[in-house]
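Residue numbers for the sequence shown follow our numbering, beginning at 2 and rising by one.
C-beta atoms are modelled at their ideal positions from N, C-alpha and C, and glycine is treated no differently.
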Amino acid sequence: MPHGGIALDPTHFNTTNATAKNEAEILHKSCQEVGQVIDSLDPDLVFLSTPHGLSDLNNFVFYLNPAGYGQADTDNCQCPPCCYSIKIKIDNSTSIDLIQAMKTYTNVSGLSAFGPPGQSAELFPLRWGEVIPLHFLPNINRVKVVILSQPSRRYTQDVSMIPELLELGSNLYKYLEDLPQKVVTIISADLAHTHLKSGPYGYSDAAEPFDQAIGQWIMTLDQSVLTVKAAKYVDKALSCGYTGLVMLHGMMHAGELSSWKPNLYANYHPSYYGIVTWSYMKIFFLLSASFAVMMC
C-alpha cells in the first residue's frame, strides 16, 4: 500500500495534466479496493512495515505502546484543513515476543513512547508511513496492529541490506504463520521519487526502469528482478519502499513462491514519485477453504 498523499486523496492534486489526474484517481480507488479485500478477509492481526516511522540508525524497531495515533495530509493540502487521522490498537505482546524470537537472527529491537513497554498511557506517534496505508482499512479499529519500522540506514545501505532483509522476511513468515490468528501483511511503500525535474529530488533516468522492474517482479516473483535488476537503479531512483519489498520477498519465499497469486491494481507516477498497489493471495490446496494474504 502506498503512503503518498495523492493516493490518500487525489481531489487536492494540483495539476493541469488530465492523464496525471486520472492516474491519481485510479490509484486512490485501487487503495480503496485493496482495503475492501482486507476487510473481507476479517483479519485478527495486521502486520505493517513502514519506511517512515520512528526509526533506529541500525535496528529494525517494533512499536511497543498499547495504542497509537497520528495524522497525515495529502499532496497540495496540508493539515489543517486536510487532516486524516487514525487511532489503532497495537499488539505489543506479539511485538515483544517477535523481538525475543528474532533477536538472535537480526538487528531488532523495540521502542516505547513516554512509558514502559506495553504500559504507557500515551499514544505512540504515527505519521504518513503508517496512517495512509491503514486509513484504507474500513474496520481498522476492530483489529490489532504490529508495526515494524525500517532502520534509517536504509537511506544509504538499501542494496547491501538485501541478504539480511531476505533472512528477516523468512523468519517473520515462519513466526506469523505459526500464530493462531489470521494475519494480513501490509508493506508501506512508494517507488522512485525522481520522475520529475521539478520534484524535490530532481530527475533521474533510473526512475522509470526501476518502477517497471518492480512491476515485473510483482507479477513474476523473480528474485533476480528485484535484487539485481531493480537494485541496479534504486540508489538513483530513490525508492523509500525498496527495503520493505525485499523483506516481503523473503516472507513469500519462505511460504513457497509458487503458492502466491499476484493481483496488480495500478503502477503509475502522476507526480514526482511512483505509486503501486497490488496484493498476493496465498493458495492452500486443502479440503477446507483457507487462505492468507500479503498486501503491499
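Query: Between L192 and M248, is the Cβ-Cβ spacing less than 7 Å?; Result: no
Query: Run the proximity test for L167: is its beta-carbon closer than 6 Å to any non-hydrogen atom belonging to the ligand ATP?; Result: No copy of the ligand ATP occurs in the structure displayed, which carries no ligand at all.
Query: Distance check for Y204 and Q101, CA to CA, integer angstroms please.; Result: 43 Å
Query: From K262 to P210, what does the alpha carbon distance come to, in whole angstroms?; Result: 24 Å
Query: Buried or exposed: which applies to E131, given that a residue is buried once 16 or more other Cβ atoms fall within 10 Å of its Cβ?; Result: buried
Query: Tell me, which residues are paired with P263 by DSSP?; Result: Y281
Query: L246 lies in the alpha helix (DSSP H); which residues open and close that run?; Result: 243-255
Query: Suppose contacts are defined by Cβ-Cβ distances below 7 Å. Is A267 in contact with I91 by that definition?; Result: no
Query: If you count every other CB in all the chains shown that lies within 10 Å of the CB of K145, and 16 or more means buried, which is it?; Result: buried
Query: Hey, F48 and V184 are a contact pair by Cβ (cut 8 Å); roughly how many whole angstroms apart?; Result: 6 Å
Query: By the 10 Å Cβ neighbour count, where 16 or more other Cβ atoms means buried, how is N66 classified, buried or exposed?; Result: buried
Query: With DSSP collapsed to three states, give me the class of Q213.; Result: helix
Query: Quick check on the burial criterion: 16 or more other C-beta atoms within 10 angstroms. Buried or exposed for S225?; Result: exposed
Query: Does V235 pass the burial test, meaning 16 or more other C-beta atoms within 10 Å, or should it be called exposed?; Result: buried
Query: With a threshold of 16 other CB atoms inside 10 Å of the CB of E178, please say whether the residue is buried or exposed.; Result: exposed
Query: Taking the straight line between their C-alpha atoms, what separation do you get for I97 and L173?; Result: 13 Å
Query: Spatial neighbours of M295 within its chain, please: CB distance less than 6 Å, with the 5 preceding and 5 following residues excluded, ordered by chain position.; Result: Caution is warranted here: a pLDDT of 47 is assigned to M295, below 50, making its placement in the model unreliable, and the coordinate value is therefore given only provisionally. T186, Y281.
Query: Grab me the residues of Q72's own chain with a C-beta within less than 7 Å of its C-beta, minus the 5 sequence neighbours each way, in chain order.; Result: C80, C84, Y85, S86, V132
Query: Give me, in chain order, the residues of the same chain whose beta-carbon lies closer than 7 Å to that of W218; leave out the 5 immediate sequence neighbours on both sides.; Result: V226, L227, A231
Query: Taking 7 Å as the cut-off, decide whether the C-beta atoms of A238 and T278 are in contact.; Result: no
Query: Please classify V229 as buried or exposed, where buried requires at least 16 other C-beta atoms within 10 Å of its C-beta.; Result: exposed
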